[in-house]
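Colleague: Sequential numbering from 1158 applies to the sequence shown in the numbering used here.
Note that beta-carbon positions come from the ideal geometry of N, C-alpha and C, so glycine has one too.
Shown below is the structure under consideration.
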Amino acid sequence: MAASIFDKMEEKVALWRSDMAAFVKEHGEHKVSDVTINQVMGGLRGVNGLWCDTSVVPKDQGLIIRGIPMKDLTDLNGVEIFYLLLTGELPTKEEYEEFQIALKIRKFVPHYVWDILKAMPKDSHPMTMLSMAVLSMQKESCFATNYEKGINKTDFWRCTLDDALNIVAKLPSIAAAIYRIRFNKGELIQPDPDMRLAEDFVHMLGIEAPGDEFLSLIKLFLVAHSDHEGGNVSAFTSSVVNSALSDLYYSVSAGFNGLAGPLHGLANQEALKWLLDVMKKFNGTPTKEEIAQEVNETLAAGQVIPGYGHAVLRVVDPRFTAFYNFGKVHFPEDPLFKTVYHIYEVVPDILKKIPKIQNPWPNVDAISGSMLYHYGITEFSYYTVMFALSRSMGLTAQAVMNRAVGTPIVRPKSVTTSWLKSQVIK
Ligand SMILES: CC(C)(COP(=O)(O)OP(=O)(O)OC[C@H]1O[C@@H](n2cnc3c(N)ncnc32)[C@H](O)[C@@H]1OP(=O)(O)O)[C@@H](O)C(=O)NCCC(=O)NCCS
């Protein structure tokens, strides 16, 4: 019998604790960043001020999860990725099966969640429904319950892990239910106790004849969106909230609220909408000249080209490439897919000519929606929910590490305009 995830993490937590404590004790005063006024006023871009070991995003490579580049993880499934994010290792076959059981026994969702979702206004955004559903389950939190009982702080990580497993295990049912309730797809479909995370999600979506290809896409979706280091809006928000010892139901819900912004996770919805508008306007697959015209009009209207640019990356996002490779194998002639590629051939050259734009290349959101559309999920306001389903793994794994090492409440110092001026005008 393989060690349970709690036993496995116990070993890891002991190592992380002693390693980080010794390192910080010896080198705590070593400087790793200077901050300019541009950075203070510019979203702290490039300031090395956060700790996160689950993944890293080098600007010239893109996502690397626990030391493994994303391109080498595309054949894995969500369960393996979650295990990797949590422990830093890929599971053995036995560990995988054991971990699978830990998720399986937690997959059933309290009934009141369905009542809440069904009672919400019919035109609620699917991300609002998702955030509400997670928040509504806060009373189930192992962390909150045990904190109230006076649990020792050295054990905070255990209940955080329990909450993490519960949230990740329940989200496929919740996400699928949101699809069915919000878009009038009929009765909810019960989870199948024997199905794994991605399979069960596809089963509960209930879309017609999804087939193995669609399942492979969902697996890729789960891998690609699972984590993106610690400073992006959803990860940072979630960890700030969690640092106040608000439990994971509070902090994951908060992270999802950040993901719902058009400059972050909602960009997949925006990119698909933009793409469809262009195709409608030009009656099918537009020419490169027509795309260029539309890009220039969007920019002239003071709007962003969704799916392009990035706060950290300075190359084509490897997640974009992974989805592109998938489309090339499975539906190279799909007009939407072809248009995504034509846009990719046009947009970077236009954005490169705008000096203020630091990254003209596509990110994952430029393509992910077109993949879902191909398989019949045409309700694009739903796409960010699928992003969130995957990102819950990174948000919760980061929280378990923070509670393991005992990082304190986040509280940077803000400064006033007059203080900033006083630093330069003597
Ligand atoms: C992702 C994003 C928010 C990064 O922002 P950032 O770190 O401030 O990026 P930059 O430093 O390159 O931005 C500098 C300027 O270029 C603009 N810019 C960046 N990407 C742009 C794009 N795709 N289209 C038009 N303008 C863009 C910014 O809005 C900013 O303009 P401002 O100074 O007038 O406010 C930005 O590239 C963007 O809005 N992209 C479109 C939305 C998107 O795809 N989001 C998903 C990201 S994974």
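Below 7 Å CB to CB, which residues in the same chain sit around residue 1244 once its five sequence neighbours on both sides are set aside?
Modeller: To locate residue 1244, count along the sequence shown from 1; it is residue 87. Excluding positions up to five away in sequence, the list reads 1165, 1166, 1169.
Colleague: Starting from the C-beta of residue 1342, find all residues in its chain whose C-beta is less than 7 Å away, skip the five residues before and the five after it, and write them out in chain order.
Modeller: Position 185 of the sequence shown, counting from 1, holds the residue named residue 1342. If we look at residue 1342 and ignore the five residues flanking it on each side, its Cβ neighbours are 1336, 1363.
Colleague: In angstroms with no decimal places, state the Cα-to-Cα distance between residue 1404 and residue 1417.
Modeller: Within the sequence shown, residue 1404 is the residue found at index 247, counting from 1. Within the sequence shown, residue 1417 is the residue found at index 260, counting from 1. Residue 1404 and residue 1417: Cα-Cα distance of roughly 20 Å.
Colleague: Is the beta carbon of residue 1194 within less than 7 Å of some heavy atom of ligand 1?
Modeller: Translated into positions along the sequence shown, residue 1194 becomes position 37. It does not: the Cβ of residue 1194 is nowhere closer than 7 Å to a heavy atom of ligand 1.
Colleague: Ordered along the chain, which non-local residues of its own chain (more than five positions away) have a Cβ less than 7 Å from that of residue 1468?
Modeller: For the purposes of this step, residue 1468 is taken as the residue at position 311 of the sequence shown. So the qualifying residues of the chain are 1202.
Colleague: Heavy atom of ligand 1 less than 7 Å from the Cβ of residue 1522, yes or no?
Modeller: Taking the sequence shown and counting its residues from 1, one reaches residue 1522 at position 365. At least one heavy atom of ligand 1 is nearer than 7 Å to the Cβ of residue 1522, so yes.
Colleague: Do residue 1377 and residue 1231 have their C-beta atoms closer together than 8 Å?
Modeller: Within the sequence shown, residue 1377 is the residue found at index 220, counting from 1. Within the sequence shown, residue 1231 is the residue found at index 74, counting from 1. Yes, they are a contact pair.
Colleague: Do the stretch 1499-1519 and the stretch 1470-1479 meet, that is, are 3 or more Cβ pairs less than 8 Å apart?
Modeller: The stretch 1499-1519, when compared against the stretch 1470-1479, does touch it at the 8 Å Cβ threshold.
Colleague: Return yes when at least one heavy atom of ligand 1 lies under 7 Å from the C-beta of residue 1514, else no.
Modeller: The residue given as residue 1514 occupies position 357 in the sequence shown. Yes.
Colleague: Classify residue 1367 as helix, strand or coil using the three-state DSSP reduction.
Modeller: In the sequence shown, the residue the question calls residue 1367 occupies position 210. It is coil, neither helix nor strand.
Colleague: CB residue 1557 to CB residue 1321, shorter than 8 Å?
Modeller: Position 400 of the sequence shown, counted from the first residue, corresponds to residue 1557. Position 164 of the sequence shown, counted from the first residue, corresponds to residue 1321. For residue 1557 and residue 1321, yes; Cβs fall inside 8 Å.
Colleague: Given this structure, state the Cα-to-Cα distance separating residue 1266 from residue 1328, to the nearest angstrom.
Modeller: Numbered from its first residue, the sequence shown carries residue 1266 at position 109. Numbered from its first residue, the sequence shown carries residue 1328 at position 171. Each residue's Cα considered, the two are about 9 Å apart.
Colleague: Could you tell me whether any non-hydrogen atom of ligand 1 is closer than 7 Å to the CB of residue 1382?
Modeller: Position 225 of the sequence shown holds residue 1382. No.
Colleague: Under the three-state reduction of DSSP, which class applies to residue 1238: helix, strand or coil?
Modeller: Counting from one through the sequence shown, the residue named residue 1238 turns up at place 81. Looking at residue 1238 - three-state DSSP - the assignment turns out to be helix.
Colleague: Would residue 1587 pass as a contact of residue 1399 if the rule is Cβ separation under 8 Å?
Modeller: The structure shown does not extend to residue 1587, since the chain is modelled only from 1158 to 1583, so the question has no answer here.
Colleague: With DSSP collapsed to three states, give me the class of residue 1212.
Modeller: As a first step, residue 1212 must be located in the sequence shown, where it is residue number 55. Strand at residue 1212.
Colleague: Quick one: Cα of residue 1155 to Cα of residue 1309, how far?
Modeller: Residue 1155 is absent from the structure shown; the chain starts at 1158 and stops at 1583.
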